[in-house]
Amino acid sequence: MPNRPRDTFRKHPSGWEKVQKKRKRDEENLKMKGSLDQFVTKSNSQNSNLQLSAASEPSTSSACVSVVVSDGTTNKCNQEIASIASKSEDATITENEKDSFNLSDPGTWPEFIDDATRLLLIENGPPNFPKKITFPRNSNKRQFSPKWRKFKLVNGEVCERTWLIYSKTKDLAYCFCCKVFNVGLNVTQASKMCSVGSNDWHNFSIKLQQHNSSKEHVESFVKWVDLKERLGTRSTIDAVNQKLLNMEKDHWRKVLYRIIAVVRYLAETNSAFRGRSNVPFDKHNGNFLKLIEMIGTFDDPMKEHLRRIRDEETRVHYLGSDIQNELIGLLGEATKNKILDEVRIAKYYSVILDCTPDKSHKEQISFSIRYVNITKDPPEIVERFVEFLDITDSTGEGITEVLKILLKKNGLDIMNCRGQAYDNGSNMKGKNKGVQSRVLEINKRAIYIACPAHELNLALCDMSKSVPLAMTFFGVIQRLFTLFSSSTQRWSILLKYCTNLTLKPHSTTRWESRLESVKPIRYQLGNVSDALNELANTTNEPLTNSEATSLKSHIISFEFVLSLIIWYDLLHAFNIVSKLLQSEDMKLDVALNELNGLTTFLEHYRESGFAAALKTAKDLIAELDLQEEPKFAVTRKSRNKNLNANEIEDPQEHAKNIFRTTYFLAVVDVAIRNMQCRFSELKKYAELFEFIFDIQKLQQMSETDLQASCNKLADAFQDGLSQDLDRNGLFAELNIFKHTVPDKIDSALAALNYLYPIRESYPNLTIAYRLLLTIPVTVASAERSFSRLKLIINYLRSTMTEQRLNGLAILSIESEVAQEIDIEELIDNFAAKKARKVNL
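For what it's worth, full-length UniProt numbering labels the leading residue of the sequence shown as 1, then goes sequentially.
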């Protein structure tokens with residue numbers, strides 16, 4: 001209708017123009033075909049819903065879309081997604097898109113492949129063709145054929161196109177090597193396999209030959225083969241760099257392992273670390289650096305480390321004093337944590353405290369813990385040192401506050417404390433204001449027992465001061481040591497005669513010192529006499545001559561020789577018990593048996609010891625030919641004229657009786673009285689546990705007595721509503737145990753080792769034995785820690801800090817625990833503690 005007004009100025013295209021316009025539109029649509037598929041992944045689930053995730057960067061106008069589409073997605077959805085995707089052709093691939101592609105379907109691969117994705121694809125290799133599918137036909141009724149993977153050469157040989165891959169989702173063929181190396185698009189149809197893929201199956205074998213011979217394909221194929229070979233040998237640049245990093249990391253860990261081992265060795269042996277210089281290869285650089293240099297002479301990692309230092313290739317060497325202190329702290333902390341972990345597992349523990357001044361004139365308190373280590377099989381009794389602490393208030397209140405701070409600091413509940421062990425100072429054992437009474441106010445189940453070893457030493461002090469003759473005896477022994485030790489020439493004269501044992505002084509604090517001072521004279525009396533005789537004849541000093549002559553007359557007197565025999569017998573018996581009490585695993589029942597045995601010995605020695613000592617003294621004098629006849633010193637006495645001649649007592653017999661009564665019996669009686677009164681607390685608590693550590697008594701007890709003993713023990717470990725033992729349960733378990741216990745069980749520890757594997761059947765009895773074995777007997781562990789303290793803090797190291805002291809002390813005292821520390825784990829802690837200059 002050309003006559004319509006609205007068509008007056010309208011120009012209609014010709015038919016040819018319309019055909020051209022339609023052709024261009026079709027070509028554009030053809031170009032867009034499949035462009036959405038690179039953002040689309042088909043879900044395996046038939047009923048999966050459409051999931052769309054879009055990420056947009058605020059700084060750009062591009063959008064990245066990751067889509068998973070079910071087979072039932074409508075065309076409307078596809079059109080909407082296509083409109084979004086058409087705006088993001090040049091978008092950067094996001095992490096979500098990387099995660100969405102399928103390794104076996106090149107149609108889902110990103111358009112741009114980064115280095116990480118390329119390595120992943122090459123490691124997996126070209127995907128195989130899909131199996132058991134019917135390839136779709138295009139508009140020309142043509143379809144892809146797997147046969148195109150192979151082709152024949154002119155000589156008849158068959159070769160394979162390993163680079164040819166196929167996308168099931170897009171029905172497109174790709175070149176694997178060109179795709180992974182991002183070969184750009186060209187105008188030729190053959191090059192479409194490099195990126196967007198090709199589905200023009202007409203004469204496709206010819207197109208494959210053309211692509212195979214193209215320059216871009218050959219270059220990418222060579223890159224592919226080369227990279228694949230290098231990946232096979234792990235020789236990529238990243239792999240080589242990573243390998244170098246790992247080698248460097250391994251080198252530093254090995255070096256640090258050896259440094260830590262040296263630190264631990266020096267700490268365990270109480271050796272000094274530093275010298276006058278802290279510079280490697282210096283003559284006076286101390287034990288630590290000298291050991292490092294010695295290790296470097298035969299150990300390759302340390303040799304390389306020292307070479308780098310010498311050649312100034314590194315300024316980081318971890319050999320300085322700050323690193324030493326840091327490693328000492330880490331080792332000490334790891335050792336302490338291991339001990340505290342065992343204490344927490346054991347639950348019940350006892351505290352052992354003692355104080356002493358150090359070389360820097362500070363009062364140091366030693367804190368140790370006793371517990372039953374149930375992590376071992378079988379369980380064992382251990383006493384572990386924890387730390388030293390400098391204190392300023394040594395009163396009972398001050399030390400109690402320090403104890404509470406120490407327990408809280410180490411994560412221990414004071415209500416789980418079941419025993420206390422201190423020395424015999426009034427600030428510790430005082431019944432009103434001592435530490436033990438203040439702790440009992442907080443926790444009445446923390447049993448306190450006065451240290452038997454200290455009590456034995458105090459008993460010896462009382463014995464040595466009981467009669468004048470005893471004080472004279474030890475005075476002569478001390479004078480002997482003083483005379484010979486005051487001059488090197490005199491000491492050489494003593495060594496000339498006394499070749500086995502030398503003279504030693506006696507001390508009021510060292511428990512074994514009295515025996516050690518008496519023993520050399522007891523077994524070398526004649527040699528000491530000859531040394532005194534030579535000293536008196538050769539000296540030009542009147543005082544020395546007089547002292548030597550006087551001492552000789554004393555030691556060859558019969559009364560001195562008899563005193564020597566008596567005191568050696570007594571001191572030897574006391575020392576045996578004292579040594580046993582000082583063991584770390586000493587048990588309450590064993591200690592009581594030993595003390596009872598010592599008391600029995602003293603009572604027996606009081607009756608028959610004097611006669612035996614008298615005979616031994618006479619034999620010794622006769623053997624050494626010291627004098628013609630052994631006689632007591634007789635004092636002149638006025639005779640009663642009314643007595644007949646037959647009634648007059650022999651002077652020697654009278655002197656012997658006087659000596660026996662006023663000296664021998666007085667000393668022995670003081671010893672017996674001390675044994676009876678000084679161990680009352682120990683005996684009280686031993687009676688509390690007696691029915692479980694004395695198996696024979698347990699088997700003979702009636703049910704009434706057994707129930708009463710169980711009630712008494714349960715009451716002792718009950719504080720309000722909190723209780724450790726169920727009295728009825730304990731009674732029932734003991735009723736069974738006393739009939740089933742093997743004959744070989746003869747101690748509390750043996751009983752615990754027998755019961756622990758079957759503790760589910762004897763829960764209360766197992767706890768009772770743990771409580772018994774947790775109670776400390778002596779403070780010998782604290783005394784031993786003071787010996788290490790004096791080795792660590794000497795006059796050259798008196799300014800040592802408390803942290804370094806505690807690290808060195810626990811590594812030295814608890815060296816067995818320190819040896820169990822995993823150094824590799826310690827290196828990890830060292831690396832994690834703060835940023836390090838090297839990779840560990």
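Backbone N, C-alpha and C fix where the C-beta goes; we use that ideal spot for every residue, glycine too.
Legend entry - Cβ-Cβ distance between P130 and K168 below 8 Å: yes
Legend entry - Y349: first and last residue of the uninterrupted beta strand (DSSP E) it sits in: 349 to 357
Inset, instruction - Grab me the residues of Q803's own chain with a C-beta within less than 7 Å of its C-beta, minus the 5 sequence neighbours each way, in chain order. - result: G329
Legend entry - Buried versus exposed call for Y349 [16 or more other C-beta atoms within 10 Å across all chains shown]: buried
Inset, instruction - Would you mind sorting V279 into buried or exposed? The rule is 16 or more other CB atoms within 10 Å of its CB. - result: exposed
Legend entry - Distance, S485 Cα to C498 Cα: 14 Å
Legend entry - Whole-angstrom C-beta distance between I260 and L826, which should lie under 8 Å: 6 Å
Legend entry - Endpoints, the alpha helix (DSSP H) within which Y756 is located: Note, Y756: premise wrong, no alpha helix (DSSP H); not H, not E.
Inset, instruction - Decide if R418 is buried, meaning its Cβ has at least 16 other Cβ atoms within 10 Å, or exposed. - result: buried
Legend entry - Every unbroken beta strand (DSSP E) inside the region 383 to 460 [3 residues or more]: 417 to 421
Inset, instruction - Assess, as a yes-or-no matter, whether the region 591 to 607 is touched by the region 793 to 803 under the definition of 3 or more beta carbon pairs within less than 8 Å. - result: no
Legend entry - Distance between beta carbons of I672 and T600, contact taken as under 8 Å: Contact flag wrong, Cβ pair sits at about 10 Å.
Legend entry - Assigned exposure category for Y661 - 16 Cβ within 10 Å defines buried: Note that residue 661 corresponds to Thr in the displayed sequence, not to Tyr. Exposed.
Inset, instruction - Give the single residue among F367, K409, V343 whose Cα lies nearest to the Cα of residue 928. - result: Only positions 1 to 840 of the chain appear in this structure, which leaves residue 928 out of reach.
Inset, instruction - Mind reading off the beta-carbon distance from L592 to L688? Whole number of angstroms is fine, and I expect it under 8 Å. - result: Their Cβ separation, rounded to whole angstroms, is 11 Å, which puts L592 and L688 out of contact at 8 Å.
Legend entry - Range covered by the alpha helix (DSSP H) that runs through R522: 513 to 523
Legend entry - Contact check, I165 vs P110, beta carbons under 8 Å: no
Inset, instruction - Could you have a look at S165 and say whether DSSP puts it in helix, strand or coil? - result: For the sequence presented, residue 165 should be read as Ile rather than Ser. Reduced to three states, the DSSP call for I165 is strand.
Inset, instruction - Measure how close the beta-carbons of I442 and I399 come, nearest whole angstrom, since I'm counting them as under 8 Å. - result: Actually they do not touch by this definition, with Cβ atoms about 14 Å apart.
Inset, instruction - Drop a sphere of 10 angstroms on the beta-carbon of P757, count the other beta-carbons inside from all chains shown, and report buried for 16 or more, exposed for fewer. - result: exposed
Inset, instruction - Confirm, please, whether the CB-CB distance from I792 to N287 is below 8 Å. - result: no
Inset, instruction - Give the secondary structure of residue 862 by DSSP, where H, G and I count as helix, E and B as strand, and everything else as coil. - result: Only positions 1 to 840 of the chain appear in the structure, and residue 862 is not among them; the question remains open.
Legend entry - the region 244 to 258 touching the region 208 to 221, judged by at least three CB pairs closer than 8 Å: no
Inset, instruction - With a 10 Å radius around its C-beta and 16 neighbouring C-beta atoms as the bar for buried, classify A780 as buried or exposed. - result: buried
Inset, instruction - Have a look at I81 and G197 and give me their C-alpha separation to the nearest angstrom. - result: In this predicted model, I81 has a pLDDT of only 35, less than 50, meaning its place in the structure is not dependable enough to derive any value.
Inset, instruction - With distances taken Cα to Cα, identify the nearest neighbour of F574 among E594, D585, E820. - result: E594
Inset, instruction - May I ask you to report which of helix, strand or coil DSSP gives L721? - result: coil
Legend entry - the region 530 to 537 touching the region 560 to 574, judged by at least three CB pairs closer than 8 Å: no
Inset, instruction - Could you tell me the boundaries of the alpha helix (DSSP H) in which S553 lies? - result: 542 to 555
Inset, instruction - Grab me the residues of Q79's own chain with a C-beta within less than 7 Å of its C-beta, minus the 5 sequence neighbours each way, in chain order. - result: Note on Q79: pLDDT 41, under 50, position unreliable in the model; the coordinate value appears next. Excluding positions up to five away in sequence, the list is empty.
Legend entry - Cα-Cα separation, R161 to W148: 8 Å
Inset, instruction - Buried or exposed for T508, please, with buried defined as at least 16 other CB atoms from any protein chain shown within 10 angstroms of its CB. - result: exposed
Legend entry - Start-to-end residues for the beta strand (DSSP E) that takes in residue 861: The requested residue 861 is not part of the displayed model; the chain covers only 1 to 840.
Legend entry - Bounding residues of the alpha helix (DSSP H) (the contiguous stretch that carries I792): 780 to 792
Inset, instruction - Following the continuous beta strand (DSSP E) through R770, name the residue where it begins and the one where it ends. - result: Not the beta strand (DSSP E): R770 falls in the alpha helix (DSSP H), residues 763 to 774.
Legend entry - Close-in-space but distant-in-sequence residues of the same chain around K359 (CB under 7 Å, 5 per side omitted): I793, N794, Y795, S798
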